[in-house]
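Beneath this line is the structure, given in structure tokens, with notes to follow.
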Amino acid sequence: MLQIRPIISMLMRSKSGPILLLVQIILSVAIVANASFIITERVSLMSRESGIAESEVFDLDIYNFDDGMDPVSQTKRDIEIIRNLEGVKAATVSSMTPLSGGGWASNFSYGTSKEDRVDAANAPLYYGDEQMIATLGLKLIEGRNFYPDEVLTGGSELASLLIVSKAYAQETFGDESPIGKVMYRGEIGNQPMKIIGVVERLQGAWVDNNNLERGMIINVELAAAFNRILVRADEEAIVGLKEAIPAALHKENPNRVVRGFTTISEHRNIVYRDHELMATVLSMMVVLLLLITSLGLAGMVMFNIERRTKQIGTRRALGAKKRDIVSFFLVENYLICITGGVIGGLIAVQLGQQLMALYSLPKLELFYPIATVAGLLVLTTFAVIFPAQKAAKISPATATRSV
Amino acid sequence: MLSMKNISKVFKTDLVETHALRDFNLAVNEGEFVAVTGPSGSGKTTFLNIAGLLEGFNHGDYFLDGVNISNLSDNKSAAIRNEKIGFIFQGFNLISDLNLAENVEVPLRYRGFNAKERKVRVERALEQVGLAARMKHLPTQLSGGQQQRVAIARALAGEPRFLLADEPTGNLDSLMARQVMELLEDINKAGTTIIMVTHDADLARRAQRNIQIVDGQVCDFSMYQAGENRGKTQSIADAASVA
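Which chain is which? The protein sequence lines are A and B, in order.
Read in the numbering used here, the first sequence has 233 at position 233, and its numbers run on one by one without any break.
Position in the second sequence counted from 1, then plus 403, gives you the numbering used here.
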């Protein structure tokens, strides 16, 4: 049977060992709970779906140095050359590469006049033609794509149509359909653009920005001396295209530099590297802390078994079954663990609030301290059960031995 | 009450075999007070351990209160120790981190008594040994004699039919030893069977029957006449070297 009260009495009368263990558990819970929370946050950030066929899409940059070049016609020729290469599924000139950490964004507003203007959220802005959706592998869930003749080649002032992400549409218009709504870039009256389509997901370039999911595309094909091209191809064709694209472009016009060829998957790895590093370091810290705590627990139990050999023998002589001895050590350590867990949990919440204030982290959810304590109880069971089973094997005859 | 027939116990190491008990025969009737003497290494403690189900034996038959002890499971042995046997140890074996009441309560918890029942029994047992007023004290706050009385209270609290005492006065001065012995005599008069291992010839003489163990065997000619010998004190204890 459980012997909670006498075990508490024993712990209270022989405090130093349990207190040291308690402090270790308190610190472990406080640190592990917050670290686990941060790890989960980071992992959930890293595992966000971009809505893009990441492994099939890569970008490349074309730097033209030909002074007499007409950017519009050169861009059209270049994109045509790339689209005609074997293995290429789609290609488009773009203002930025998703998840690359650099690109364009803009503020928008909507309404019927300057008086009833409503500011809409800032959004990452893709310039693209009718192949942008196919190039990125986006899923159009409402409305339509641009028609080829609606795409204008030149600067951003030409934009008149918008395809927005579902996240942006919901944030701006709620459950109302965004199709047909007119948005303005910046102030009302500036460059009206009509929403004609909604894609399920479209992430921007900045993974740490809260505008990440609000991607939108305008019907403009950029044409300049410098162009960023996005290409979608069969995965196995990408290696070959790294050679074929520069060769084909140089054949058409040798006065330029073609470089890049980074897939979105590679951009993802680069842009999330800090998050991954932090998650890895914190995970190692959590594992080490839990290992040290479980070693502390096991060490404490083994020390107590040595110290209490005669007592265990006496208890066995007085009628304790083996399971009573095991449960004695389990209950003793559960009590320390739960006490440490409660105090550590409270400190974890406090620590979480400090981290939240200092580093703009989200609020620590109670689940984490609770899960940490639950995990620690499981760990306690494993750390204690084996030495305790050894203790249970101490012969009751030990009680009559003088040494 | 207790019947051992041809009990053998051998301790083996890689190099030697030690026959702690060989063809050991003994019968103890209910209500007896038996003193067990013998020189060091004669097998007294091994006998006590086997009698108290603290360890097993290699050969022979052992019946305690009609139950064949030979092939009992560990759990069953623990239950019999808890319900039928009270132990008094030479070193008292009190748990230093528990107060007197909590110490006396230990076997009662293993018995599964509820808190109310435990409280009644603890108070009654401590009252019986004259320490009811000190139940919140720790063992270290008591003299050796008082500690042994607490150990006796712990042994009595479960109302065992059978009390095994291993040198109960071995760590006490003569005055305290006499008090503890008087207490044991009172307990025996109340009907509890007592087997006491002792080196003290004077104490052994106060028991109803003496047996001596030499080289793992009983040197008591009346070992199978326990019932007939009840009330008599055998002279063997006198002859035993108890230096």
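Even for Gly, the Cβ is constructed at its ideal location relative to N, Cα and C.
Beta-bridge partners of residue i, as assigned by DSSP
i: T124(A); result: As written in the sequence, residue 124(A) is Pro, which differs from the Thr given in the question. DSSP output for P124(A) lists A105(A) as bridge partner(s).
i: T92(A); result: L230(A)
i: K415(B); result: E420(B)
i: M599(B); result: A438(B), A568(B)
i: D119(A); result: S109(A)
i: Y184(A); result: S109(A), P192(A)
i: A350(B); result: For residue 350(B) there is no data in the structure shown, the boundaries of chain B being 404 and 646.
i: T153(A); result: E221(A)
i: V57(A); result: R232(A)
i: E142(A); result: V198(A)
i: N613(B); result: A438(B)
Distance CB(residue i)-CB(residue j) smaller than 8 Å
i: G137(A); j: V57(A); result: yes
i: A121(A); j: R232(A); result: no
i: T75(A); j: N227(A); result: yes
i: S109(A); j: L125(A); result: no
i: E187(A); j: R214(A); result: no
i: L161(A); j: M193(A); result: yes
i: A348(A); j: A33(A); result: yes
i: N452(B); j: D426(B); result: no
i: N219(A); j: F146(A); result: yes
i: V301(A); j: F329(A); result: yes
i: A355(A); j: L361(A); result: Reading off the sequence, residue 355(A) comes out as Leu, not Ala. Going by C-beta atoms, L355(A) is nearer than 8 Å to L361(A).
i: L202(A); j: S177(A); result: no
i: I343(A); j: A392(A); result: no
i: I411(A); j: I31(A); result: What the structure shows of chain A is the stretch from 1 to 403, and residue 411(A) is not part of that stretch, so it cannot be assessed.
i: E200(A); j: G51(A); result: yes
i: L11(A); j: Y513(B); result: no
i: L587(B); j: I597(B); result: yes
i: N461(B); j: K412(B); result: yes
i: R521(B); j: E508(B); result: yes
Chain-order list of residues whose beta-carbon lies under 8 Å from that of residue i (same chain, five-residue window excluded)
i: I229(A); result: D59, L60, D61, I62, D78, I79, I82, A91, T92, V93, S94
i: A298(A); result: A383, V384, F386, P387
i: L290(A); result: S28, V32, G375, L376, L379
i: A642(B); result: Below a pLDDT of 50, predicted positions are generally treated as unreliable, and A642(B), at 37, falls in that range; the measurement from the model is reported next regardless. Closer than 8 Å at the Cβ level, and outside the excluded window around A642(B), lie Q615.
i: T416(B); result: none
Anticipated Cβ contact below 8 Å, residue i with residue j, distance rounded
i: V470(B); j: V600(B); result: With a Cβ gap of about 22 Å, V470(B) and V600(B) do not count as contacting.
i: M407(B); j: E433(B); result: Rounded, the Cβ-Cβ distance is 15 Å, inconsistent with contact.
i: P571(B); j: V553(B); result: The pair is not a contact, with the Cβ atoms about 12 Å apart (cut-off 8 Å).
i: G313(A); j: A399(A); result: 4 Å
i: V281(A); j: V207(A); result: Between V207(A) and V281(A) the Cβ distance is about 19 Å, and since that is not below 8 Å, they are no contact.
i: I179(A); j: I196(A); result: 7 Å
Chain-ordered chain A contacts of residue i [CB-CB under 9 Å]
i: D569(B); result: A399, T400
i: F492(B); result: T314, A317, A399, T400
Neighbourhood of residue i by C-beta distance below 7 Å, restricted to the same chain and skipping five residues each side
i: Q582(B); result: G548
i: Q531(B); result: A556, L559
i: G494(B); result: N574
i: Q131(A); result: A90, A91, T92
i: A640(B); result: In this predicted model, A640(B) has a pLDDT of only 37, less than 50, meaning its place in the structure is not dependable enough to derive any value.
i: F490(B); result: G455, A558, L567
i: E276(A); result: M46
Cut-off 6 Å between Cβ atoms - residues of its own chain near residue i, not counting five sequence neighbours on either side
i: N64(A); result: A225, R256
i: F624(B); result: At F624(B) the pLDDT is 47, less than 50, meaning the model places this residue with poor confidence and gives no usable figure here.
i: S445(B); result: I616, V617
i: M96(A); result: G103, W104, A205
i: G619(B); result: H422, A423, L424, R425, G446
Neighbour list for residue i in chain B, Cβ cutoff strictly below 7 Å
i: R315(A); result: V509
i: D274(A); result: Going along chain B, no residue has its Cβ under 7 Å from D274(A), so there is no contact; the nearest lies around 52 Å.
i: A320(A); result: A481, Y513
i: Q3(A); result: R512
i: Q311(A); result: I498
i: D324(A); result: Y513
Partners in chain C for residue i, counting only beta-carbon separations shorter than 8 Å
i: D500(B); result: Annotation note: the requested chain C is absent from the structure, which comprises protein chains A and B.
Proximity test, residue i beta-carbon vs the ligand PLP heavy atom, cut-off 7 Å
i: L418(B); result: In the structure shown, the ligand PLP is absent, as is every other ligand, since no ligand is present at all.
Interface partners of residue i on chain A, CB under 7 Å
i: T448(B); result: T400
i: N478(B); result: K321
i: N485(B); result: L318, G319
Proximal chain B residues relative to residue i, where beta-carbon distance stays under 8 Å
i: S395(A); result: L457, E458
i: P18(A); result: Here the premise fails: no neighbours, minimum Cβ distance about 11 Å.
i: P6(A); result: L501, E505, E508, V509, R512
Listed by chain order, chain B residues near residue i by CB distance under 9 Å
i: P362(A); result: The contacting residues do not exist; P362(A) stays about 45 Å from chain B at best.
Interface partners of residue i on chain A, CB under 8 Å
i: L559(B); result: The premise fails here: L559(B) is roughly 12 Å from chain A at the closest Cβ pair, so nothing lies under 8 Å.
i: L451(B); result: T400
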